[in-house]
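Some notes on the structure that comes next.
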Amino acid sequence: MDEKTKKQIELHSAGATVRHLSPFEELENYSNEKEITAEFIKKWCVPFYMFGINNSDEFIKNIKPIRAELNEEVVLKLLGDFNWRTRIVGAYFASILELKSVEEIIGIHLVKSQVCYAGNGYCLALATFNTQSGIEYLKQYLEYYLTRKDLHFDQTGVMCALKWTDEQNGTNEMENYLQLYNEWNSKPYGQNLDHSFKEFEKQMNNLKRIKTA
6 MDEKTKKQIE LHSAGATVRH LSPFEELENY SNEKEITAEF IKKWCVPFYM FGINNSDEFI
66 KNIKPIRAEL NEEVVLKLLG DFNWRTRIVG AYFASILELK SVEEIIGIHL VKSQVCYAGN
126 GYCLALATFN TQSGIEYLKQ YLEYYLTRKD LHFDQTGVMC ALKWTDEQNG TNEMENYLQL
186 YNEWNSKPYG QNLDHSFKEF EKQMNNLKRI KTA
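Residue numbers for the sequence shown follow my numbering, so the first one is 6 and each next one is one higher.
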């Protein structure tokens, strides 16, 4: 196998299944200087990425033995790895710790959309932080990606996150994007936004449960 093919397989496995140009190319995203070890991944990623916070009982069971060791350094290592599995767990942990210091990292990861699947974690984290700067990342994402009918990424998740912050803040930001979303949300990828928001609420409630367990 030549190096080019090997690299493409590695990128695909990491979650970079669709490469695309966007207005966010020049934003500098956070990345680790050193590759994280297999032992670190086994401890901090493997038990948490597959079912994530959809199974809060399993998440709590796995986090309890190592909860005291969870800190910003762990979160940064996870977010700095180019892989959807580590990044989504890093976003979960950032939410659980309410670690607003990593908001910019998560916001840039979201708008650059380098790997699939991790966007759900970013949305949960930004909704948890509920800051004006975090909301701006959600809005920037929608302003661009809702114009890209060829890209079926995290548009629905971002709409849900914005709706969540609206409900917390008594605002109506999500409504500003609803027409554009409905135009984007067409077959074969059409999604029910109300149903998606109910699932998002469940995940946010699971996060709250994990925080206090």
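Don't be surprised by glycine CBs; every beta carbon is placed ideally from N, CA and C.
Measure the C-alpha to C-alpha separation of residue i and residue j and round it to an integer number of angstroms.
i: W89; j: N187; result: 27 Å
i: T42; j: W49; result: 11 Å
i: G139; j: D86; result: 21 Å
i: K168; j: M179; result: 6 Å
i: D159; j: E74; result: 31 Å
i: E204; j: E31; result: 33 Å
i: N177; j: M164; result: 12 Å
i: L185; j: L198; result: 13 Å
i: E77; j: K105; result: 10 Å
i: M209; j: F202; result: 10 Å
i: K154; j: W189; result: 6 Å
i: K207; j: H200; result: 11 Å
i: V116; j: M55; result: 23 Å
i: S118; j: A166; result: 16 Å
i: L16; j: Q196; result: Summary for L16: the model assigns pLDDT 39, below 50, so the residue's position carries little reliability; its value from the coordinates is reported in the next sentence. Near 28 Å, if we compare the C-alpha coordinates of Q196 and L16.
i: G57; j: K213; result: 14 Å
Is there a C-beta anywhere in chain D that falls below 9 Å from the one on residue i?
i: E188; result: Checking the listed chains, one finds no chain D in this structure; it contains a single protein chain.
Of all the options the options, which has the alpha carbon lying nearest to the alpha carbon of residue i?
i: K47; options: T91, G57, L81; result: T91
i: F221; options: K82, L151, Y97, N174; result: What the structure shows of the chain is the stretch from 6 to 218, and residue 221 is not part of that stretch, so it cannot be assessed.
i: T161; options: K207, Y182, E103; result: Y182
i: N174; options: F134, W189, L147; result: F134
i: L26; options: Y142, Y122, L156; result: L156
i: R72; options: M55, E148, N59, I101; result: I101
i: T170; options: P52, I58, A132; result: A132
i: K39; options: S118, L84, Y122; result: L84
i: H114; options: T136, L143, N190; result: L143
i: V79; options: V51, E141, F98, I68; result: F98
Kindly indicate the opening and closing residues of the alpha helix (DSSP H) around residue i.
i: E221; result: The chain is shown from 6 up to 218; residue 221 falls before or after that span and cannot be answered.
i: A123; result: No alpha helix (DSSP H) contains A123, which DSSP labels as neither H nor E.
i: Y149; result: 137–150
i: Y186; result: 183–189
i: I111; result: 108–117
i: G95; result: 89–102
i: P52; result: 51–54
i: I71; result: Premise fails: I71 is in no alpha helix (DSSP H) and is neither H nor E.
i: I58; result: Per DSSP, I58 belongs to no alpha helix (DSSP H) and is neither H nor E.
i: T161; result: 160–174
i: E204; result: 198–217
Report whether the distance from the Cβ of residue i to the nearest heavy atom of the ligand FAD is below 8 Å.
i: V116; result: The model on display carries no ligand, and the ligand FAD is accordingly not part of it.
The region 34–50 / the region 109–120 touching (three or more Cβ pairs under 8 Å): yes
Segment contact flag, the region 54–66 with the region 211–218, C-beta cutoff 8 Å, min 3 pairs: yes
Segment contact, 8 Å Cβ cut-off, at least three pairs: the region 92–106 with the region 123–133: Contact holds: three or more Cβ-Cβ distances are below 8 Å.
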